[in-house]
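The structure appears below as structure tokens.
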């Protein structure tokens with residue numbers, strides 16, 4: 003029962019990679035939002051494969067049909083449902099394939115969980131394709147947030163060990179950051195980005211893959227949102243971000259590097275900036291005690307190297323009960339981080355709208 | 003509304019640092035467990051302050067009174083409630099103090115969230131003292147888990163930049179690891195541990211603080227527990243761990259370091275070990291697709307340097323509207339990681355029991 | 003955010019009466035159930051209109067397309083999604099209509115809740131048509147329950163003031179009750195049923211409508227399921243049943259009539275029936291302290307007279323700000339109880355499977 | 003896991019009748035409410051026993067200690083916890099008693115659910131005494147609601163078959179209704195009330211018990227609160243009300259009687275009353291499509307005759323495996339409805355505040 007998330011917005015993601023389709027029911031949206039379809043299309047295209055040399059050439063049209071929740075171009079407030087039909091689903095000998103589980107995939111755990119009845123075609127319900135509906139949700143939420151002055155941005159902080167310049171989290175260059183979404187390979191330092199792309203293509207040539215780190219910023223959130231303890235902002239975001247396949251680490255503000263600093267260096271000092279409370283540093287990543295500080299909220303997500311690689315790999319054979327080898331056919335993303343990035347950014351938008359809707363009501 | 007967590011176990015944590023007391027309601031426990039009170043006492047003492055040179059000399063007796071849910075020494079299945087009275091709560095001029103918010107604390111965010119009505123004494127509901135009930139819950143859950151062959155262990159992987167030997171996550175030395183809980187400073191490499199302690203005391207001498215990393219292992223979980231997406235094991239653990247104060251990062255298996263490996267190195271290869279499926283490596287940290295692999299579950303949590311330090315710090319003065327300075331009186335933990343460790347391990351136990359209870363029923 | 007229900011099964015219902023379609027995502031189903039499509043078709047047809055003189059002649063094909071969660075005819079355990087396209091949706095001047103809200107409908111409350119942005123066509127998200135997905139869910143759950151010896155039955159206990167013979171809730175005639183689902187007008191006493199039908203047709207002739215009471219029984223539930231207080235069986239069922247449009251009352255066992263008895267008459271006395279615990283009476287409706295007794299679970303739901311009637315009615319005109327009159331065109335069910343019956347019975351099945359899945363796990 | 007309820011307010015009720023105490027954690031309260039302790043005391047005394055000839059002479063002081071969530075007399079917004087110590091708990095041979103389960107009680111179902119480990123003393127966690135914390139919660143919520151012009155009232159519509167005058171739900175006499183809370187036996191028609199009391203005392207004389215119906219009204223709720231389907235107002239209230247012991251039926255507006263009317267009579271007709279939308283009748287009980295209409299919200303709850311009676315009853319003997327008889331010692335309420343009334347009214351207040359807090363935020 004992992005396909006539902008949210009406090010005030012609830013989304014239910016459904017589908018399998020090679021079944022009839024995938025989609026989402028998004029409940030709890032405010033009514034009356036006039037949807038910008040062109041923005042939605044562009045945003046969701048950022049996740050779609052087949053557009054760049056470093057992604058799989060599989061074509062996924064990802065054309066979403068809206069089944070409910072929209073009337074005359076506006077959200078009605080009732081559950082909004084989208085359906086994305088699966089089209090590019092070539093048949094294959096999946097029954098033979100499922101006997102040799104792919105290393106790094108959920109083939110074995112899925113079989114253990116569902117007693118062997120899971121849909122094995124193209125990873126079924128475990129497919130990364132299931133992130134398309136979340137991207138749609140994030141695109142829609144980001145439109146509503148923009149009307150309240152809240153924005154998100156994300157870049158590839160690291161790919162194959164090569165680093166981009168980190169976000170400035172105290173005095174961010176918002177104009178620059180917001181344009182990252184328009185770049186096919188979203189980095190601040192384009193020269194580093196070129197080296198990342200080279201490393202990705204080189205990994206592809208050797209039928210291997212590399213990982214990366216995505217850094218995300220949300221700005222415009224007022225101070226005082228969230229709750230202490232298990233409904234703190236870190237807890238809320240993390241349960242969503244770790245729902246995205248391939249994410250194996252998450253840190254806020256100074257994160258793991260921050261543990262090597264002293265308290266006197268790490269504490270974010272408040273000051274009055276023309277009567278407004280700001281902080282000199284942002285090691286907390288915009289969160290103190292689970293609650294927003296009013297500074298940009300910043301987190302980084304670790305994306306493991308793609309599990310599907312062209313190289314021959316060792317595995318087991320469930321029909322023979324012997325160890326065996328496996329070659330995964332077809333082409334796959336040699337680095338999934340660039341396509342995971344709009345999903346993580348979308349998740350940040352869904353989180354932010356849920357959070358806004360979760361604040362105390364005007365009656366109280 | 004952040005004080006409630008859980009799918010099948012639900013706990014509600016309540017209290018303030020200097021109010022009447024703190025405690026917890028734990029609902030959903032299996033009935034009939036005969037409580038080992040001596041084990042409970044020892045486990046919860048690991049978190050209590052005042053026992054070591056590197057922790058605050060404040061005495062917290064942390065004596066928990068059981069208010070409900072136990073009859074003749076066994077759990078009844080009804081909500082189990084504990085109350086820990088606050089005793090060592092010296093009065094202080096909190097009203098003056100709240101005018102100068104402490105850097106690195108939730109003083110400002112708490113005021114924004116609760117419109118200034120939060121209890122300011124000793125950080126109130128934001129106090130680290132609130133982790134005592136969670137430690138109690140974890141101690142109790144770990145007793146029930148031990149009866150099913152499930153165990154947890156944790157050590158200080160890093161303090162002040164000094165590293166302990168990491169857990170062996172493929173062929174762990176379980177006998178050694180389980181005894182870590184008996185050590186006042188739980189490390190595998192005691193020589194490294196000594197250097198860590200020295201660094202902590204040195205930071206204390208300079209009225210400053212340092213951070214650390216806690217590595218935790220859970221073994222004995224069968225394969226096939228959990229769910230894909232937002233109820234995957236990473237999502238479940240993270241929402242709990244990030245509810246512990248001072249935790250700013252979390253990673254599973256290879257985590258952030260793993261993004262620098264190749265897919266061919268990173269993929270965990272399954273093999274038949276005398277007919278039983280095992281994996282050659284454990285870069286996934288025991289989780290694939292949100293579901294347990296049957297290998298040890300491993301995660302690391304980043305603990306920031308303690309916010310309360312003796313050094314003079316800059317801050318603002320809310321009564322004057324001017325920038326100001328602040329000296330925090332009293333003694334505080336120069337490194338909170340050693341005392342956060344049993345809390346993180348307790349959270350791992352609570353998570354594990356909740357997960358076990360969450361599996362499919364015998365009827366289906 | 004009312005479209006999601008469940009503890010262990012979660013369903014998300016979506017759609018509007020005259021939009022693209024309606025449907026449901028059902029998460030948490032056990033994997034491996036081989037679906038009986040013919041049973042599904044027959045069960046869901048019981049709710050469909052246009053088959054009898056006492057229901058609206060509108061044709062709704064209610065053909066459900068399965069979008070996810072089924073592979074090779076079996077449930078996979080991943081979310082199961084169905085989509086029912088809307089076909090018989092004649093255009094009408096809905097904008098004019100929405101200015102004169104229909105008495106007894108959610109036109110005014112929907113407008114208040116959604117600030118006027120709700121889909122007004124055919125009652126939109128408030129339409130009784132939204133019960134079709136729940137009927138599908140119930141049909142599916144009832145198949146799984148039958149494999150565990152758990153069955154449901156329902157009849158029209160009262161229509162237009164005419165009463166059917168009540169269920170025998172102590173020694174029920176299960177063979178007879180289970181066949182009620184095959185009757186187009188499910189009553190025990192067919193002569194009373196004929197008088198009910200006559201009364202319904204008479205109401206239709208006078209362009210008016212009548213109400214009814216549905217009595218439902220679940221048998222085969224073992225003793226000991228459920229929880230005290232707010233997750234007791236009455237609480238669980240009621241939150242589901244009151245989600246069905248037109249239901250305004252619900253009672254268990256002796257219900258409202260039972261308040262006129264004495265305690266000495268009302269208490270259900272247990273006795274040993276060949277070593278098995280049974281009860282002499284079943285005034286509790288199979289529930290004591292929120293937990294199943296092992297006796298048949300029995301409840302009755304009050305269905306108000308259909309709001310849509312052909313007679314001219316008074317209302318307001320939102321465009322003129324004056325009181326006005328209204329004639330609702332088209333034909334509608336003169337009594338909705340017969341078509342609500344399979345929905346209520348389906349809800350009983352969904353509730354029962356959720357409850358079974360919610361019991362303690364085999365690990366504990 | 004039935005002790006937790008709520009969407010925005012969450013309360014966790016804990017305790018057993020003869021254990022250390024009972025209490026509640028109430029999370030999600032708005033901060034800054036200045037508590038009126040005298041009002042709280044008076045409100046909760048309405049539920050306490052021992053004050054009238056028709057209630058048990060047991061003394062329960064029900065003095066609540068506030069353990070958390072209040073600072074300087076105001077709610078802090080952190081979880082508010084109360085503890086009521088058990089004092090009047092005479093020891094008894096409970097082990098012998100549990101062998102002969104009391105008819106109409108949860109003795110057998112509790113044993114089945116908790117495998118025999120439940121606390122049997124004074125019904126343990128199933129005791130009606132557990133309603134004391136809910137009454138406290140309701141008293142507190144009603145103070146906050148009064149500041150927003152929202153009020154509740156309740157009366158005994160029926161006891162032992164004798165009826166009080168029903169509430170006028172269209173043009174209610176609010177001044178009169180609000181004073182019902184001050185009456186020891188809250189009825190509108192005091193002459194009928196006298197006859198009810200006589201019937202209760204007569205039942206007590208014959209060591210038997212009688213039941214009743216409680217009618218509750220909430221006024222001041224604006225139109226447009228709630229949601230369609232499973233989070234509609236009926237679903238929300240019912241899951242709370244059915245958590246109160248002895249409640250076996252619930253109806254809204256016209257309820258069960260309404261099914262005998264015609265649609266043309268039953269539909270509530272809106273009209274403009276000096277520019278404000280009102281309804282001519284209130285058969286919907288203030289709810290259409292799960293959403294508030296702005297008219298008074300009205301519901302009735304059926305309270306079964308008290309299970310504990312002095313008469314000898316048949317039962318089984320679990321130690322002998324034979325049918326047996328039982329005499330319940332001590333005195334018990336011959337009618338529980340008068341003491342259940344403030345609990346139901348309190349539940350209405352908790353529901354109402356939760357609902358208000360659940361409305362759309364000012365940001366959207």
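Protein chains in written order, with my numbering: chain A, 3 to 366; chain B, 3 to 366; chain C, 3 to 366; chain D, 3 to 366. Quick reminder that beta carbons are idealized off the backbone N, C-alpha and C, glycines included. The model shown is predicted, which means the values in this text are computed figures rather than measured ones.
Less than 7 Å between CB atoms is the rule here; does residue 284(A) satisfy it with respect to chain B? no
Do residue 45(A) and residue 33(C) count as a contact pair if the criterion is CB distance below 7 Å? no
Let me see if you follow: with CB-CB separation under 7 Å, is residue 365(D) close to chain B or not? With a pLDDT of 42 at residue 365(D), under the threshold of 50, the modelled position of this residue cannot be trusted; read the value that follows with caution. So, not an interface residue.
Residue 269(C) beta carbon less than 7 Å from that of residue 105(D): yes
Going straight from the alpha carbon of residue 365(D) to that of residue 206(A), what length do you get? At residue 365(D), the pLDDT of 42 sits below 50, so the modelled position is not reliable; the number obtained from the coordinates is stated separately. So the two alpha carbons sit approximately 47 Å from each other.
List the whole-angstrom C-beta distance separating residue 299(B) from residue 287(B), where the pair is believed to meet the contact cut-off of C-beta under 8 Å. 6 Å
Determine contact between the stretch 238 to 257 of chain A and the stretch 317 to 329 of chain A, defined as no fewer than three beta-carbon pairs at a distance below 8 Å. no
Cross-chain neighbours of residue 22(A) in chain C, by beta carbon under 8 Å: 67, 68, 69, 70
List the residues of chain A whose Cβ lies closer than 8 Å to the Cβ of residue 76(C), in chain order. 119
At what residue ranges does the stretch 160 to 205 of chain D contain a whole run of the alpha helix (DSSP H), taking only runs of 4 or more? 176 to 180
Pull the bridge partners of residue 25(B) from the DSSP assignment, please. 16(B), 85(B)
Boundaries of the beta strand (DSSP E) in which residue 218(B) is found, first to last residue: Segment 214 to 221, the beta strand (DSSP E) holding residue 218(B).
Between the alpha carbons of residue 359(D) and residue 9(D), how many angstroms are there, rounded? When the Cα atoms are used, residue 359(D) and residue 9(D) turn out to be separated by approximately 9 Å.
Reducing DSSP to helix, strand and coil, say where residue 288(A) ends up. coil
List the residues of chain C whose Cβ lies closer than 9 Å to the Cβ of residue 169(D), in chain order. In chain order: nothing, as chain C lies at least about 16 Å away.
Against chain C, with Cβ distances strictly below 7 Å, would residue 81(A) count as a contact? At a cut-off of 7 Å between C-beta atoms, residue 81(A) counts as an interface residue with respect to chain C.
Taking the continuous alpha helix (DSSP H) assigned at residue 340(A), which residues delimit it? 339 to 359
Taking only the alpha-carbon atoms, compute the straight-line gap between residue 221(C) and residue 342(B) and give it to the nearest angstrom. Roughly 51 Å between the two C-alpha positions.
Would you identify the three-state DSSP class for residue 135(B), choosing helix, strand or coil? helix
In the DSSP assignment, find the unbroken beta strand (DSSP E) run with residue 250(A) in it and report its ends. 249 to 254
Taking only runs of the alpha helix (DSSP H) that begin and end inside the stretch 90 to 132 of chain A, which ones reach a length of at least 4 residues, in chain order? DSSP assignment within the stretch 90 to 132 of chain A yields the following whole alpha helix (DSSP H) runs of 4 residues or more, N-terminal first: 96 to 99, 109 to 116.
Pick helix, strand or coil for residue 150(D), following the three-state DSSP scheme. coil
Does DSSP classify residue 244(B) as helix, strand or coil? In the structure shown, residue 244(B) falls within a coil segment according to DSSP collapsed to helix, strand and coil.
Rounding to the nearest angstrom, what Cα-Cα distance links residue 108(A) and residue 226(B) in this structure? 10 Å
Would you identify the three-state DSSP class for residue 77(A), choosing helix, strand or coil? strand
Using a C-beta to C-beta distance shorter than 9 Å, which residues of chain B count as neighbours of residue 34(D)? Neighbours of residue 34(D) on chain B, chain order: 116, 117, 118, 119.
Using 7 Å as the threshold, is the C-beta distance between residue 345(B) and residue 137(B) below it? yes
For residue 45(B), return the contacting residues in chain D, with the cut-off set at a CB-CB distance below 9 Å. Within chain D, no residue comes near residue 45(B); the closest Cβ sits about 22 Å away, beyond 9 Å.
Taking only beta carbons into account, state which residues of the stretch 248 to 271 of chain B come closer than 7 Å to chain A, listed in chain order. Result list: 250, 251, 252, 253, 254, 255, 256, 257, 258, 260, 261, 262, 263, 264, 265, 266, 268, 269, 270, 271.
Mind checking residue 196(B): buried by the 16 CB within 10 Å criterion, or exposed? exposed
Which same chain residues end up closer than 6 Å to residue 182(B) when comparing Cβ atoms and leaving out the 5 residues on each side of it in sequence? 155, 157, 188
Say whether the stretch 207 to 218 of chain D touches the stretch 332 to 341 of chain D, bearing in mind that this needs 3 or more beta-carbon pairs closer than 8 Å, one atom from each stretch. The stretch 207 to 218 of chain D is in contact with the stretch 332 to 341 of chain D.
Where residue 365(A) sits in the DSSP three-state scheme: Low confidence applies here, because residue 365(A) scores a pLDDT of 42, under 50, leaving its location unreliable and the question unanswered by this model.
Please confirm if the stretch 146 to 154 of chain A is in contact with the stretch 114 to 128 of chain A, defined as three or more CB-CB distances below 8 Å between the two stretches. At 8 Å Cβ cutoff, the stretches do not touch.
Counting C-beta neighbours from all protein chains within 10 Å, is the total for residue 177(B) 16 or more, i.e. buried, or is it exposed? So residue 177(B) ends up on the exposed side.
Using 8 Å as the threshold, is the stretch 271 to 278 of chain C in touch with the stretch 243 to 262 of chain C, meaning 3 or more CB pairs across them? no
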